[in-house]
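Novice: Protein chains in written order, with the working numbering: chain A, 1 to 111; chain B, 1001 to 1110.
After the C-alpha cells below, expect a handful of questions from me.
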C-alpha cells in the first residue's frame, strides 16, 4: 500500500523560479488537498479538489495553481517562487467523511 | 470563519502521567473530527476519527471525546510514555474542507 506519495522530499529554488510538487494516491479517494505548514501556524489549506476536473481555493491560494486531470494525481505548481513560500508542503487524500491520509511532505526553501 | 484552537500549545509531563489535550471549534456544523500525531520532520498519522454522531472513540491508551454543542473535543492519553512525545493536531471536517488547529507539542520525560 503506497498511500499518498509526494515528490520531491526536498527542494531549493531561487526567487522567481517555477516548479511542480507532485502528489499521487492509490486509494481511489475523491478528495485531495494541499497544505503548507509553518512554525506555530498548524496546517493551512492552499487548494483542494473534490474529484477529477474540480478544484477550489483554500485559505492561502495566492502564488499556487493546481489541476486534477485524474483521480490519482493532484500536482501543485508554484508559478514564480518567493521567499514567503518557504515552507513544508503536505498533500492529503480522503473520502468524504473519512480518515485523511497524508504524504511525507516536501520541504521547500526559496532563496 | 471556521476556526480550530488547541490548548495548550505545549505540554511537558513526567512518564506515567495521564493527560488531556483540548481542541475547540467555532462552527458546530461538522462532519467529523480527527486527531493526528506528527513526529519531527514527518507527515501526519491519523490517531482517531470521531463522526459527528459519535461521542467518543478509543484506541489503546487513547480516548477522544466530542461535544458538538459546546464545540469541543478532548484527547485523553493514559499512562504516558516517552514514545508519546510528538505534536498532536486536531482537524475538523466541514464537508469539502479539513480545518486544522495549530497543534499541541507534547514532551513526556523519562
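Glycine included, every Cβ here is placed at the ideal spot set by N, Cα and C.
It should be emphasised that the depicted structure is a prediction, and the values quoted were computed from it without experimental measurement.
Please list, in chain order, all residues of the same chain as residue 1099(B) whose beta carbon is under 7 Å from its beta carbon, the five residues on each side excluded.
Specialist: 1002, 1004, 1091 and 1092
Novice: Which residues mark the beginning and the end of the beta strand (DSSP E) in which residue 94(A) is found?
Specialist: Segment 87-94, the beta strand (DSSP E) holding residue 94(A).
Novice: Taking only the alpha-carbon atoms, compute the straight-line gap between residue 1068(B) and residue 17(A) and give it to the nearest angstrom.
Specialist: 45 Å
Novice: Mind checking the region 1064-1084 of chain B against chain A and listing, in chain order, the residues whose C-beta falls within less than 8 Å of any C-beta there?
Specialist: Contacts with chain A (Cβ-Cβ distance below 8 Å) from the region 1064-1084 of chain B involve no residue at all.
Novice: When you compare the CB positions of residue 37(A) and residue 110(A), do they come within less than 8 Å of one another, or not?
Specialist: no
Novice: Under 7 Å Cβ-Cβ, which residues of chain B neighbour residue 42(A)?
Specialist: 1089, 1100, 1101, 1102 and 1103
Novice: Out of 31(A), 77(A), 58(A) and 21(A), point me to the one whose CA is closest to residue 96(A)'s CA.
Specialist: Residue 96(A) has its Cα closest to that of 31(A), out of 31(A), 77(A), 58(A) and 21(A).
Novice: Using a C-beta to C-beta distance shorter than 7 Å, which residues of chain A count as neighbours of residue 1043(B)?
Specialist: 90, 102, 103, 104 and 105
Novice: Determine the direct distance from the alpha carbon of residue 82(A) to that of residue 61(A), and round the result to whole angstroms.
Specialist: Roughly 14 Å between the two C-alpha positions.
Novice: Does DSSP classify residue 40(A) as helix, strand or coil?
Specialist: Shown here, residue 40(A) sits in coil according to DSSP, grouped into three states, outside any helix or strand.
Novice: How many angstroms separate the CA atom of residue 63(A) from the CA atom of residue 1065(B)?
Specialist: 38 Å
Novice: I'd like to confirm the pairing. Which residues does DSSP put opposite residue 162(A) in its beta bridges?
Specialist: Only positions 1 to 111 of chain A appear in this structure, which leaves residue 162(A) out of reach.
Novice: Apart from the five residues on each side of it in sequence, which residues of its chain come closer than 8 Å, Cβ to Cβ, to residue 70(A)?
Specialist: 52
Novice: How far does the beta strand (DSSP E) with residue 66(A) in it extend, from its first residue to its last?
Specialist: 64-66
Novice: Which whole-angstrom value describes the C-beta separation of residue 1101(B) and residue 1034(B), a residue pair presumed to lie in contact below a C-beta threshold of 8 Å?
Specialist: At roughly 11 Å, the Cβ-Cβ gap does not stay under 8 Å, so residue 1101(B) and residue 1034(B) are not in contact.
Novice: Give the C-beta separation of residue 1085(B) and residue 1061(B) to the nearest angstrom, bearing in mind that I take them to be a contact with Cβ-Cβ under 8 Å.
Specialist: About 14 Å; that fails the 8 Å criterion.
Novice: Check for me: the beta strand (DSSP E) holding residue 1081(B) runs from which residue to which?
Specialist: Note, residue 1081(B): premise wrong, no beta strand (DSSP E); not H, not E.
Novice: What is the DSSP secondary structure of residue 1028(B), counted as helix, strand or coil?
Specialist: Residue 1028(B) carries a coil assignment under DSSP once its states are collapsed to helix, strand and coil.
Novice: If you measure between the beta carbons of residue 101(A) and residue 4(A), is that distance less than 8 Å?
Specialist: yes
Novice: By DSSP, does residue 84(A) sit in helix, in strand, or in coil?
Specialist: helix
Novice: Residues bridged to residue 111(A) by DSSP?
Specialist: Looking at the DSSP assignment, residue 111(A) forms no beta bridge with any residue, so it has no partner.
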